[in-house]
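Colleague: Dumping the structure here so I can ask a few things about it.
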Amino acid sequence: MNMIREDVFSFGTWVRRRRKALDLTQAAVASSTGCAEVTIRKLEAEVFRPSREIAERLADCLQIPSDERFLFLQVARGLRSVDQMSTPALLTGGPAPVAAPLPSQELLFPLDTVPQPAPLPPGSRMLLSRNPLFVGRDSHLRQLAQALYTGGTAAIGQMQIAAATGLGGIGKTQLACEFVHRYGQFFPGGVLWLSFADPAAIPAEVAACGGVDGMHLSPEFGLLPLDEQVRRVLVAWKQPIPRLLVLDNCEDEALLDEWHPKHGGCCVLITSRRRQWNPAIGVQVVPLDVLPRGESLALLHRFRPDLPAQDPNLHAIAEALGDLPLALHLAGSFLAKYRRAITIMQYRQRLQAPTILDDRSLRAAGLSPTKHVQHVARTFEQSYARLAPADTTDALALAFLARAACFAPGEPIPRWLLLQTLDLGDHPDDTLLAEDALARLIDLGLLETDEEDALRLHRLLVAFVRAVTADTTAHAVVEATMLRITDGLNMIRNPYPLLGLQSHLRFIASSVQQQEDERTAAWSMALGFHLWLLGVYPEAQRYFKHALAIRERVLGADHLDTAWSLNGLGRVLHTQGEYSLARDYYQRALAIRERMLGPDHAETAWCLNGLGQVLHAQGSYAEARRYLERALAIRERVLGPDHQDTAWSLDNLGQVLHAQGAYTEARRYLERALAIREQTIGIAHQETAWSLDNLGQVLHAQGAYAEARRYLEHALAIREQMMGSEHSDTAWSLDNLGQVLHAQEAYAEAQRYLERALAIRERVLGPDHPDTARSYNHLGRILLVYGQYVMAQDYIELALTIGQRVLGPDHPDVARSLCGLGELLHAQGDAIQARRYLEQALTIFEQRLGPQHSETEQTRRTLAPLDCAHER
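With our numbering applied, the sequence shown covers 248 to 1119.
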């Protein structure tokens, strides 16, 4: 006879009641599940158990809610029974019922969804209630479920957060508590919570699991000696029934290996600062990060529901606290308690102080949901105090920590960069010692490491370390290291390794700006040059100006370092199209260097080269050539014929010769420059791209369009890869390719390239830059081909206006716009006005380029039929 307890109902009862609630007949269920009607009758009568496939079909047919589906399948297979008190919920789609535990070696719970909280099975020892303020972490709960699904061991570490927040405060215990109250229902043997914070107390914690508040192993269990209690508990843990052991604050691999059961049905969940575990133990790490900003706001809003959920002050508070759960809980408690005494804005301002951890709001908040320390600084101190300065490894770890606190708070620090801040020896053991020191910090939760091997220090831990460190040299060492690296990359004109360090560069630069001394000037120059290489011209100009102002005041107007600042400012003004101002700065720098170093010094050549480039941009080709030839002669003599700076002079001379129409000679200079660059810096470099681009332009001028296109496409590929699709240099390649395609009469393709170049230049350089004007002119010429005269005229007139204002009325670019307008008016039948524009252009070309230049001759040919018409 099949006996069923009064407080428990069977699988057949569940199917029958659910079927009737949905008003389904047995025949309808049989048809839906592909069974015979007699099979459904036997299932409801508990004659046999369904297969897994049939049970799945029944769950679909009976519309079992997702949060009940796993329990339904367990009951179907005889793994669970169902509490009668939960029957109404089953019929209405409410929370899953509580199961009466039955011995089993199989553990089933949902992996794709997070179940609703439910009471724990009998035999559980859970010391913490569920926190009603818990927010988010669904993905971490699912990761833990996946790790534990096969009976493995999962560890909640905080290396995904940051070494700073790895102590307490990241929410490891809170997450474990939430996991227990949601997934504990699926462990028939119960959940057992143990504190591993004090190794000496672990036997007592284990023994407590067997008493009346735990597994209740026997009535006399509490009278047994402690050792016997422990032995009996350990024996029970080896039984096949699934249990969940939670080891809170387990930091020691040896303790974990000693106490966790080696076989049986137990799963082990630990909370720990340690992320790296001996693989032999089999720990699967689920690292925690700080809360996403949305969840931080949700937590704060639960304390202050009277505030708008998206209050910008809440955002600012979450940002100041680095989204650290403990700090957010303390801040929210403070705001709730003192809502009548302090406004949200006032509290936000309090958190801007450098001594943020001294604020009383972060020191205590009454009752703790995890019964842990309610004091942010003290949670950090618990880990920091374990570093012994007398120990060699710990002493190095303290030095690393002090230096990490000098970088931008909360931002990833490449491991190689942090290592460079210490003067480590060349012996292999020195490298191993450094790795040991970093591993020590990671194991203590003071440093976080990510998948790219970068290190991170939480912003609140940064404040803590700065307050307690005794290392007074750390700031100066970090500043000097970053300056050395930046200057080295600037010297080879390669800004890209620093792209991932922008936050640190700006943070350190801003920290020295208050000094207004030579150190500040050096940093401003380094950052200005770096930003100039990246194409961030207005910001680069501000840094160069700041450096110049400091050096003129501190060092004097005739100092060589002042000349460097003048040269840097001239360079960025030249790039921005401010040619007259750039020329003035270059000339001032040249005068200082010629006076202090002489006319044949390599630094003098820098000024000569800069002056030659700006004169080229102004259309003064003959004068530009004289300066550039002087610079080339100095560099070949002082630096050698194959030096990278020599390549710059060759390249610049080639561009001037191109502008003058001396294409064959220009090509020789440009090919020499390309060969040097390919040999010294490689093909994948922005300076090599310049040589390729300039050669492509000369080949275009010579009519070798296919060959020109290959060079230009190669240059574009390098620039897009190295500098991105939004850099002004990338726009040069796009513009030049568009012109070659125009010459090849591939007008639609040419238009696409020219429009991309124009969009970049408008965004990066602005609408009034000479390069932007060139894009307007080139795009207008394409529209002229399509007969779109009104739009073409708008573009070309805009280019003419910019050119006349920025470059002057007799610049060759102005003449090119005049030619475009002349051709446009000629196409529209206005020969008289067209002739006037073309004659103005011819005059400029003859004066600036010479009567034999190809553009001069082309303008004459365009004018010829108009002159004939005028004579008739």
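C-beta: ideal position from N, C-alpha, C; glycine also.
Could you confirm whether any beta carbon from chain B is found closer than 9 Å to the beta carbon of A721?
Modeller: In summary, chain B is missing from the structure at hand, where a single protein chain is found.
Colleague: In chain order, what residues of the same chain have a beta carbon less than 6 Å from the beta carbon of A1062, not counting five sequence neighbours either side?
Modeller: A1088, I1091 and F1092
Colleague: Run through DSSP, which three-state label would P1098 get?
Modeller: coil
Colleague: With 16 as the cutoff for other CB atoms within 10 Å, does Q1105 come out buried or exposed?
Modeller: exposed
Colleague: Quick one: what does DSSP say E658 is sitting in, helix, strand or coil?
Modeller: Of the three classes helix, strand and coil, the one that applies to E658 here is coil, per DSSP.
Colleague: By DSSP's criteria, S442 is part of a beta bridge. Which residues make up the other side?
Modeller: D495
Colleague: Assign D982 to buried or exposed, taking buried as 16 or more other Cβ atoms, counted over all protein chains shown, within 10 Å of its Cβ.
Modeller: Result: buried.
Colleague: Enumerate in chain order the residues of its own chain whose CB-to-CB distance from I1029 is below 7 Å, with the five nearest sequence positions on each side excluded.
Modeller: H989, Y994, A997, Q998 and L1001
Colleague: Here's a check: name, in chain order, each residue in its chain whose Cβ is nearer than 6 Å to the Cβ of D847, leaving out the five neighbours to either side.
Modeller: I881
Colleague: Give the DSSP-derived three-state secondary structure of C514 in the structure shown.
Modeller: In this structure, C514 counts as strand in the three-state DSSP scheme.
Colleague: Under a three-way DSSP split, which group does T851 fall into?
Modeller: helix
Colleague: By a C-beta neighbour count over all protein chains shown, 10 Å radius and 16 as the cutoff for buried, is W506 buried or exposed?
Modeller: buried
Colleague: Cutting at 7 Å between CB atoms, please list the residues of its own chain near L781, excluding the five before and the five after it.
Modeller: P742
Colleague: Cutting at 7 Å between CB atoms, please list the residues of its own chain near A454, excluding the five before and the five after it.
Modeller: L473, Q476, V477 and V480
Colleague: In the structure shown, what three-state DSSP assignment does R372 receive?
Modeller: R372 sits in a strand when the DSSP states are folded into three classes.
Colleague: Hey, could you find the ends of the beta strand (DSSP E) L702 is sitting in?
Modeller: Taken as a continuous stretch (DSSP letters only), the beta strand (DSSP E) holding L702 covers A701 to R703.
Colleague: Measure the C-alpha to C-alpha separation of F191 and A483 and round it to an integer number of angstroms.
Modeller: Residue 191 lies beyond the stretch modelled for the chain, which goes from 248 to 1119, so this question has no answer here.
Colleague: Distance, Cα to Cα, G792 vs L813?
Modeller: In the sequence as presented, Gly is not what sits at residue 792; that position holds Lys. About 9 Å.
Colleague: From the DSSP output, in three-state form, read off T696 for me.
Modeller: strand
Colleague: Check whether the segment 373 to 392 and the segment 530 to 546 touch, using three or more Cβ-Cβ pairs below 8 Å as the test.
Modeller: yes
Colleague: Can you look up R586 in the DSSP assignment and give me helix, strand or coil?
Modeller: coil
Colleague: Where does R551 sit, in a helix, a strand or coil, going by DSSP?
Modeller: The three-state reading of DSSP puts R551 in coil, since its state is none of H, G, I, E or B.
Colleague: In this structure, does DSSP put R490 in helix, strand or coil?
Modeller: Note: R490 maps to strand in three-state DSSP.
Colleague: Suppose you measure from the CA of G431 to the CA of L367; what does that come to, to the nearest Å?
Modeller: 6 Å
Colleague: Apart from the five residues on each side of it in sequence, which residues of its chain come closer than 6 Å, Cβ to Cβ, to Y631?
Modeller: none
Colleague: Between which residues of its own chain and Y826 is the CB-CB distance below 6 Å, once the five residues before and five after are set aside?
Modeller: In chain order, V861, A864 and Q865 place their CB closer than 6 Å to the CB of Y826, counting only its own chain and leaving out the 5 sequence neighbours on each side.
Colleague: By Cβ distance, which residues of its chain are closer than 6 Å to L858, with the 5 residues on each side in sequence left out?
Modeller: Y833 and Y874
Colleague: Around the Cβ of Y958, are there at least 16 other Cβ atoms within 10 angstroms (buried) or fewer (exposed)?
Modeller: buried
Colleague: If you drop the 5 nearest sequence neighbours on each side, which residues of the same chain put their C-beta closer than 6 Å to that of L380?
Modeller: R549
Colleague: So, helix, strand or coil for R610, using DSSP?
Modeller: coil
Colleague: Going by DSSP, what residue range makes up the alpha helix (DSSP H) through T286?
Modeller: E284 to E291
Colleague: Can you say whether V294 is buried or exposed, counting buried as having 16 or more other CB atoms within 10 angstroms of its CB?
Modeller: exposed
Colleague: In whole angstroms, what is the alpha-carbon distance linking I928 and D889?
Modeller: 11 Å
Colleague: Hey, how far is the Cα of Q363 from the Cα of P357?
Modeller: Those two C-alpha atoms are separated by around 11 Å.
Colleague: I'd like the list of long-range same chain contacts for R377, defined as Cβ closer than 8 Å, with 5 residues on each side in sequence excluded.
Modeller: So the list reads P364, C424, E425 and H428, once near-sequence residues are dropped.
Colleague: Mapping the DSSP letters down to three states, classify R740 as helix, strand or coil.
Modeller: Correct three-state label for R740: coil.
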